[in-house]
Amino acid sequence: MCQYIPALDLKKQIAHMRKELDAAIKRVIDNTDFILGKEVDYFEGEVRKYCNVKYAIGVSNGSDAIRLSLIALNIKPGEGVICPVFTYYATAGAIATVGAIPVFADIDPDTYNISVSSIEKVIRKKRDFKIKAIIPVHLYGQCADMDSILKIARKYNLKVIEDAAQAFGADYKDSGNLSRKRKAGTIADCGAVSFYPGKNLGAFGDAGIVLTNNKVIAEKINILRNQGNKQRYYHIALGFNNRMDTIQAAVLRVKLKYLDTWNRKRQENVHYFNEQLKDSGIKTPFVPKYTTHIYHQYVLCSKFTNTKIVYFLKSKGIDARIFYPLPLHLQKCFAYLRYKKGDFPEAEKAAKHAIAIPVYPDLTKEEMDYIISSLKEALHG
Ligand SMILES: Cc1ncc(COP(=O)(O)O)c(C=O)c1O
4 MCQYIPALDL KKQIAHMRKE LDAAIKRVID NTDFILGKEV DYFEGEVRKY CNVKYAIGVS
64 NGSDAIRLSL IALNIKPGEG VICPVFTYYA TAGAIATVGA IPVFADIDPD TYNISVSSIE
124 KVIRKKRDFK IKAIIPVHLY GQCADMDSIL KIARKYNLKV IEDAAQAFGA DYKDSGNLSR
184 KRKAGTIADC GAVSFYPGKN LGAFGDAGIV LTNNKVIAEK INILRNQGNK QRYYHIALGF
244 NNRMDTIQAA VLRVKLKYLD TWNRKRQENV HYFNEQLKDS GIKTPFVPKY TTHIYHQYVL
304 CSKFTNTKIV YFLKSKGIDA RIFYPLPLHL QKCFAYLRYK KGDFPEAEKA AKHAIAIPVY
364 PDLTKEEMDY IISSLKEALH G
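Each residue of the sequence shown is one higher than the one before, starting from 4 at the first, in the working numbering.
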């Protein structure tokens with residue numbers, strides 16, 4: 004019997020490469036270039052290569068990556084930005100904290116990503132402010148329907164920022180040519196990535212990066228992240244302290260080498276789970292042909308209330324989670340937007356029925372079998 008299966012086992016992950024990590028951190032200590040040091044430059048270069056993107060600007064975290072992107076794209080206070088109502092707080096939090104107005108759209112119940120028809124509905128609604136941008140979120144590790152989103156954006160002249168916080172390493176495939184792949188975060192005007200420790204590529208603290216192929220946006224982000232400096236003590240913009248720590252870059256450089264192997268292992272685990280859960284009545288993830296899935300979260304949906312299933316699994320020592328129990332339109336902090344219960348039925352359904360079970364690369368077959376039998380017991384027991 005398995006004693007405890009965490010949502011993610013970082014201790015096991017770190018143990019595999021402890022010496023490399025210790026050496027990387029020591030290098031930074033020896034160099035004492037703790038902020039925007041040379042490891043940050045190297046990491047940005049490696050990310051550019053990995054993502055096949057022209058610019059990668061290391062920043063303090065994924066939330067700031069979105070916030071800086073909004074500012075760099077000239078989104079102004081009082082302007083509307085569409086985002087999915089079912090995502091982590093930070094997507095809409097970034098919009099609201101630059102003074103813009105989050106405009107929520109519902110999700111597609113199969114992918115949990117923003118629904119294209121909901122975006123169109125939202126755009127057509129009359130309101131007393133202008134909508135200027137869309138932030139699709141590549142939720143749980145698979146890309147939103149970017150071709151359709153970019154088509155809408157072109158039609159209505161909207162900017163598009165990808166929230167790729169959960170999807171670093173996922174591939175988006177062009178609908179006209181499935182063999183042409185691009186990395187999540189490199190498809191729209193710019194993309195925001197989080198390296199929060201629990202992400203598939205996680206730092207030892209907060210870190211994030213902005214990806215873009217647009218030189219002007221890249222230059223603006225570069226200046227904004229560093230107090231509006233281009234040259235030290237000469238401030239040409241109202242910037243922030245949103246720089247990346249060198250120690251985080253050094254750690255991320257070590258881990259980046261393993262990312263594709265880890266993501267493949269997650270996919271193998273999902274393949275096994277999906278097979279074993281085929282006849283269990285639980286809905287396993289749907290992956291559209293335009294994207295790969297890196298399974299930051301492996302999310303299942305049953306007809307039962309998720310809190311009950313999670314409670315049962317936790318009693319069995321399995322750290323199942325709910326991402327997310329309350330959609331954003333029902334969060335207290337967004338009450339001023341005056342949405343109400345029932346406005347986004349698909350998001351409300353997902354919040355009640357979706358559960359995430361551990362899927363991290365180091366899971367053993369014994370652990371997976373234990374999760375499967377416990378889940379079946381929860382569903383049918
Ligand atoms: C979808 C989404 N957006 C934004 C963020 C914010 O990233 P960070 O925690 O690095 O600020 C996260 C991180 O958890 C996220 O999952």
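Even glycine gets a Cβ: it sits at the ideal position worked out from N, Cα and C.
The model shown is predicted, which means the values in this text are computed figures rather than measured ones.
One residue after another in chain order, those with a Cβ under 6 Å from a heavy atom of ligand 1 are N64, G65, S66, T90, Y91, A93, T94, V140, D166, A168, Q169, S197, Y199, D209 and G211. About 5 Å separates the Cβ atoms of G61 and I212, confirming a contact at the 8 Å cut-off. Residue nearest to R228 within the set D209, A206 and S72 is S72 (criterion: CA-CA distance). In terms of CA proximity to K186, A59 leads the group A97, P87, V125 and A59. The Cβ atoms of Y7 and K176 lie no closer than 8 Å to each other. Annotated three-state conformation of S178 is coil, per DSSP. Rounded to whole angstroms, the Cβ separation of V290 and Q169 is 14 Å, and the two are not in contact under 8 Å.
Within the DSSP secondary-structure output, S118 pairs in no beta bridge. A distance below 6 Å between beta-carbons, with the five flanking residues on each side excluded, links I374 to the following residues of its chain, in chain order: I321 and I360.
Of H383, S121, G65 and D150, the smallest CA-CA separation from S305 is found for H383. Shown here for G40: same chain residues with a beta carbon closer than 8 Å to its own, the five before and five after excluded, namely V31, N34, T249 and A252 in chain order.
Annotation: the continuous alpha helix (DSSP H) that includes G65 extends over G65 to A75. Collapsing the DSSP output to three states places I220 in a helix. For G61, the enclosing beta strand (DSSP E) begins and ends at Y58 to V62. With respect to the 8 Å criterion, G179 and G188 are not classified as neighbours on the basis of their beta carbons.
The C-beta of E369 has fewer than 16 other C-beta atoms within 10 Å across all chains shown, which makes the residue exposed.
Residue state for Y293 is assigned as coil, using DSSP reduced to three classes.
Exposed is the label assigned to A18, since fewer than 16 other Cβ atoms lie within 10 Å of its Cβ. Assignment of beta strand (DSSP E) within the stretch 249-337, counting only whole runs of 3 or more residues, yields 301-304 in chain order.
The C-beta separation of I110 from A136 comes to about 18 Å, leaving the pair out of contact by the 8 Å criterion. Contact annotation: V257 and A206 have beta-carbon atoms that are not nearer than 8 Å. Within the same chain, A93, A168, A195, V196, S197, Y199 and G211 come within 7 Å of G65 by CB-CB distance, once the 5 residues on both sides are set aside. In the pairwise beta carbon analysis, the stretch 80-91 is classified as touching the stretch 321-331: at least three pairs are separated by under 8 Å.
Short of 6 Å from the beta carbon of D150, and not among the five residues preceding or following it, lie these beta carbons of its own chain, in chain order: S178.
As the crow flies, the alpha-carbon of P139 is around 30 Å from that of I38.
Residues S305, A323, I358, L378, A381 and L382 of the same chain have their beta carbon placed closer than 8 Å to that of I312, with the five preceding and five following residues left out of the count. Counting C-beta atoms within 10 angstroms of its own C-beta, L241 has fewer than 16 neighbours from the protein chains shown and is therefore classed as exposed. The beta-carbon separation of L204 and L262, rounded to 5 Å, stays under the 8 Å limit for a contact. Taking C-alpha positions only, K158 is separated from G201 by approximately 37 Å. No residue range can be given for F243, since it is assigned to no beta strand (DSSP E) and is classified by DSSP as neither H nor E. Buried is the label assigned to G172, since at least 16 other Cβ atoms lie within 10 Å of its Cβ.
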